[in-house]
Each structure stands twice: as structure tokens, then as C-alpha cells.
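Colleague: Protein chains in written order, with the numbering used here: chain D, 170 to 441; chain C, 45 to 277.
First, the structure itself, so that you have it in front of you.
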């Protein structure tokens with residue numbers, strides 16, 4: 170990654186960042202002391218340090234709570250994909266690159282969130298112990314590709330709904346909000362890819378969520394409940410303004426949020 | 045109907061006039077005017093007719109951001125309408141079905157914003173797709189990819205400017221669908237490129253772009269000039 174690009178991104182995201190960290194030269198000095206090799210390895214930490222200087226201890230506990238909640242979900246996904254990629258014979262060669270991409274993103278999210286929490290003066294929650302068979306319900310999750318994909322789809326679609334459900338709770342810190350939005354859309358890209366693999370394999374599922382359909386995985390119905398709505402801000406989307414928008418298209422065109430307790434209930438069987 | 049007009053066009057979202065007078069002062073002015081003046085009546089104005097040499101004014105505050113989204117959805121919907129009206133030769137049934145779905149989603153988004161904004165909605169914009177070769181699969185897919193990735197980064201970048209949490213949630217409901225589109229289109233062009241390093245950085249973060257950056261990229265596709273200078277910055 171180009172360090173100057175990172176600065177540009179931060180500046181774009183928060184034009185006053187340099188006022189918060191005294192001045193631009195100071196911020197650069199902060200990074201300038203690293204050698205280029207170290208920069209790559211410690212980038213999230215460095216980013217976090219600027220964060221801390223900028224926001225100090227003022228990050229409200231509600232924001233930290235959201236970040237720790239997100240971290241729990243990312244721990245789950247990161248270990249899930251890390252285990253899958255390490256499982257001999259699970260992932261077909263043609264799909265491996267894509268699953269590796271997802272694994273790398275989830276691991277990066279873990280590092281990023283831990284750093285953000287620490288730099289904001291909080292304490293990251295520790296990683297739970299996971300049972301990806303959910304007590305035996307998905308006993309072959311790391312030996313049968315279809316089972317793996319089914320659980321992956323449920324995790325990704327849950328992740329998208331979980332981040333969406335927290336956006337409003339992050340409005341007090343615009344930079345954290347923007348970072349969360351930038352993770353949220355990556356989870357949606359992952360979800361679309363996993364759904365596409367399943368669709369190509371014969372499952373009745375598209376990259377987008379139709380109604381509250383699970384795509385043939387009845388055990389994850391709670392991941393999709395509520396996705397079927399076709400009314401947004403009291404406006405009916407089906408046939409809106411005389412256009413032939415079907416009920417399916419109306420539900421697909423808006424993804425729905427999930428409350429924290431619903432998300433935690435979904436992932437509970439996967440936590441030892 | 046929960047009118048975006050009533051809340052968003054009022055003084056509470058009119059944050060661009062910092063430096064002219066403070067919000068508190070503004071509210072006290074408003075108070076002097078008395079109860080007969082409605083919040084809607086204080087709208088700072090982005091009527092359909094609010095066009096001058098600078099182009100169609102998106103407006104200020106939340107209304108401005110929602111009009112910005114409306115402008116982007118108009119672009120996407122018009123593009124996919126043309127793709128499905130004049131399919132390139134050799135379009136597979138799977139591709140045709142994807143494009144039809146995406147077209148309907150974008151029309152749904154466009155019409156949603158139009159209805160939600162009501163009298164504050166900007167006019168229907170004219171597009172310029174002269175740089176797109178609709179008979180070429182490569183050209184259509186490349187344009188689709190560019191639009192979807194741009195849409196994702198636009199919503200990601202604009203979220204911070206929304207004051208009303210209801211609108212932030214609505215934008216969130218839409219941006220993940222745009223990200224699904226982007227991933228699907230990318231996988232059609234090159235399998236496994238749904239979230240490659242050209243859009244997702246080493247921290248696993250998607251891009252976010254400011255409205256001025258987005259419109260400078262999208263500008264070539266609008267025949268109608270757009271004035272984004274009053275948007276929150």
C-alpha cells in the first residue's frame with residue numbers, strides 16, 4: 170500500500186485530521202520514522218496511533234461497544250475461512266483464490282478493529298472459541314464444500330445485516346462510521362460471491378437476497394427473516410410510480426438491517 | 045408517507061450556512077417568524093426549476109445528499125435500461141437475467157428517491173452514453189463495473205454527511221445491494237475479482253469517495269450539468 174494514498178484517504182475522510190494531530194508535518198513525522206518494511210507490517214497500528222491522537226479518550230463507550238461487537242463477528246469469519254483454506258481437499262482449485270481473498274479481508278478486519286478499539290482507549294474483546302459444526306448441525310462443514318458454502322453464505326449475509334444495523338450508532342464519530350461502511354460493503358461483495366458459487370452449483374440463489382429465501386438452507390431462516398419487505402420509508406416499491414418492479418425485485422433492491430440481539434442469536438450455536 | 049421534505053429541508057439539516065449565521069441564531073430568527081411558518085416553508089430551495097448556468101442544484105444538507113444519490117441512480121437505471129433494450133450479441137441467458145434484475149433494482153432505487161424527495165427532487169437528468177458501445181460485451185461490462193464500484197464508493201463516502209439516521213439506514217440498505225451488483229459484474233468479467241485489490245485495500249476496506257470526486261468521474265455520462273457545490277463538505 171502506498172502510504173501517501175493512505176494519508177490522502179484519511180484527509181479525504183476527515184479534512185480536519187491534521188488540525189487534530191497538531192499539523193500535517195507532525196502527522197507525517199509520525200509515519201516517516203518507520204522504514205518502508207515496517208510500515209507495511211505495522212500499518213494498522215500506525216493508523217491507530219493517529220486515530221488516538223486525533224480523538225483521544227473521547228470515543229464514547231457506545232462506539233466502542235459497536236466496534237467490539239463487530240470484532241466478534243470478524244473473529245468468527247476470520248477463523249472460519251482460515252480453517253477452510255487450510256482444510257485439504259475442501260475448496261476446488263478454481264474457487265480457491267476467491268476464498269483466500271475473503272479470508273484475507275476477514276483477518277484484516279480483525280486487525281483493523283482491534284487497533285481502532287485500542288487506539289480509542291478501549292479493550293478489544295478476546296476471541297471466543299468457535300464450533301463451526303454448531304454442535305454437529307454442520308458436522309461436515311470443513312469436509313463438504315456445499316456445507317461450507319451454506320455456512321459461509323449465512324455468515325456473510327448476517328455480517329452485512331449486522332453492520333447495517335449499527336450505522337446509526339456510529340454517527341457521533343464520522344471516521345469510525347466511514348470505516349464501518351467500508352467494511353460493510355466488502356462483506357456484501359463477499360456475500361454476493363459466495364451466493365454466486367452456490368447458484369452456479371445449482372442452488373436457487375442469486376447474488377442478491379430474494380424475499381426471505383435461504384437458497385435451500387432451512388436451518389438459517391433467521392438470517393433472512395425481515396428481508397422480504399417491499400416498503401421503504403412507507404413507500405411501496407413494488408410497481409413504484411407505474412414501473413413494472415416485481416415484489417421479488419422490490420425486496421432484492423434493499424437489504425435490511427438486523428438488531429444486535431438477533432445477530433448474536435444467529436451466531437450463538439457457533440460459539441463454544 | 046414519511047416525507048424527507050419536512051425534516052431534511054428544514055433548518056436542522058441546513059448545515060452549509062456555517063459562517064453566515066449560527067444554527068442557534070437561525071432558530072431564534074425562525075422563532076420570531078412565529079408558528080405560522082412551517083419547517084417545510086423554510087426550505088433552502090432545490091426545486092425542480094432551480095437550474096441556472098451552474099447546472100441542476102442538488103441542494104444542501106440531507107436533501108442535497110439524497111438528490112446526489114438520486115442523480116447516481118438515474119445514471120445507473122438509464123444505463124441498464126439501454127443494456128436490456130439493446131442486448132449485445134451473444135448475451136447469455138444468465139447475463140440477461142442478471143442485467144434485468146440489476147436494471148429493476150436501479151429503477152426501484154431511482155423511483156424511491158424521487159418519491160421520497162417529493163417536491164425537493166431534482167429533475168430527470170439527461171444522459172450521455174456516447175462513450176459506451178452497447179453492442180460490445182466488453183464495453184457494457186466494463187461500464188457496469190465502473191458504475192457499480194463508483195456507486196459503492198459514493199454511498200460509502202456520503203454516509204458521514206447524513207444527519208438523519210433514517211436516511212443513513214436507507215443509504216445503507218441500498219449500498220450493500222450496489223456492492224452485490226459490483227461483485228456479480230466483476231465475477232462475470234473475471235472470476236474471483238469480486239473484491240480485488242483495485243477496490244479493497246490492505247485493511248480490507250472498500251473505497252469511499254467524496255461527491256466532488258464521484259461527479260468528476262461520472263460527469264462525462266451526464267448531458268445535464270449538475271451543481272454539487274452546495275452539498276455538505
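Where a beta carbon is used, it is the ideal one built from N, C-alpha and C, also for glycine.
These figures come from a predicted structure and were not determined experimentally.
Residue 357 of chain D versus chain C: which residues are under 7 Å apart at the beta carbon?
Modeller: Correct list: 220, 223 and 224.
Colleague: Counting only beta-carbon separations shorter than 7 Å, does residue 204 of chain C have a partner in chain D?
Modeller: For residue 204 of chain C, the answer is yes, since a Cβ of chain D falls inside 7 Å of its Cβ.
Colleague: Under 8 Å, with one C-beta from each stretch per pair, do the region 241–261 of chain C and the region 157–167 of chain C reach the 3-pair mark?
Modeller: Contact fails: fewer than three Cβ-Cβ distances are below 8 Å.
Colleague: Could you give the first and the last residue of the continuous beta strand (DSSP E) run that contains residue 100 of chain C?
Modeller: Start and end: 99–101.
Colleague: With DSSP run on the structure shown, which of helix, strand or coil describes residue 143 of chain C?
Modeller: It is helical.
Colleague: Going by DSSP in three states, residue 394 of chain D sits in which element: helix, strand or coil?
Modeller: If DSSP states are grouped into helix, strand and coil, residue 394 of chain D belongs with coil.
Colleague: Out of curiosity, what's the CA-to-CA distance linking residue 437 of chain D and residue 103 of chain C?
Modeller: Computed Cα separation, rounded: 46 Å.
Colleague: The alpha helix (DSSP H) with residue 119 of chain C in it runs from where to where?
Modeller: Note, residue 119 of chain C: alpha helix (DSSP H), 105–129.
Colleague: Closest Cβ-Cβ distance between residue 156 of chain C and chain D: below 7 Å?
Modeller: By this cut-off, residue 156 of chain C is an interface position.
Colleague: Residues in the same chain with beta-carbon distance under 6 Å from residue 389 of chain D, minus the five sequence neighbours each way, listed in chain order, please.
Modeller: Hits under 6 Å: 323 and 383.
Colleague: In the DSSP output, which residue or residues are listed as bridge partners for residue 264 of chain C?
Modeller: Its beta-bridge partners do not exist; DSSP assigns none.
Colleague: Is residue 422 of chain D closer than 7 Å to residue 221 of chain C when the C-beta atoms are compared?
Modeller: Closer than 7 Å, so yes.
Colleague: Give a yes or no on whether the C-beta atoms belonging to residue 226 of chain C and residue 184 of chain C are separated by under 7 Å.
Modeller: Cβ atoms of residue 226 of chain C and residue 184 of chain C: not closer than 7 Å.
Colleague: Are there 16 or more other CB atoms within 10 angstroms of the CB of residue 255 of chain D, so buried, or fewer, so exposed?
Modeller: Counting Cβ neighbours within 10 Å, residue 255 of chain D comes out exposed, since fewer than 16 surround it.
Colleague: Rounding to the nearest angstrom, what Cα-Cα distance links residue 165 of chain D and residue 424 of chain D in this structure?
Modeller: Residue 165 of chain D lies beyond the stretch modelled for chain D, which goes from 170 to 441, so this question has no answer here.
Colleague: For residue 401 of chain D, does the three-state DSSP call read helix, strand or coil?
Modeller: Here residue 401 of chain D sits in strand by DSSP.
Colleague: Taking just the CA atoms, how far does residue 350 of chain D sit from residue 75 of chain C?
Modeller: With a pLDDT of 33 at residue 75 of chain C, under the threshold of 50, the predicted position of this residue should be treated as unreliable, and no value is reported.
Colleague: Identify which residue in D/272, D/365 and D/228 has its Cα closest to the Cα of residue 154 of chain D.
Modeller: As displayed, chain D neither begins before 170 nor continues past 441, which places residue 154 of chain D out of reach and without an answer.
Colleague: For residue 276 of chain C, count neighbouring C-beta atoms within 10 Å of its own C-beta (all shown protein chains included) and say buried if the count is 16 or more, exposed if not.
Modeller: The residue in question, residue 276 of chain C, is buried, as its Cβ has 16 or more Cβ neighbours within 10 Å.
Colleague: Short check: CB of residue 297 of chain D to CB of residue 240 of chain D, under 7 Å?
Modeller: No.
Colleague: Would you mind sorting residue 267 of chain D into buried or exposed? The rule is 16 or more other CB atoms within 10 Å of its CB.
Modeller: Buried, because 16 or more other Cβ atoms sit within 10 Å of the Cβ of residue 267 of chain D.
Colleague: By the three-class DSSP mapping on this structure, what secondary structure does residue 301 of chain D have?
Modeller: The answer is coil: DSSP assigns residue 301 of chain D none of H, G, I, E or B.
Colleague: Going by the C-beta, is residue 276 of chain C closer than 6 Å to any heavy atom of the ligand ZN?
Modeller: The ligand ZN is not part of the structure shown, which contains no ligands of any sort.
Colleague: Using 10 angstroms around the beta-carbon of residue 148 of chain C, count the other beta-carbons present and answer buried if the total reaches 16, otherwise exposed.
Modeller: So residue 148 of chain C ends up on the buried side.
Colleague: Is the beta carbon of residue 372 of chain D sitting closer than 7 Å to the one on residue 385 of chain D?
Modeller: A contact, by the Cβ cut-off of 7 Å.
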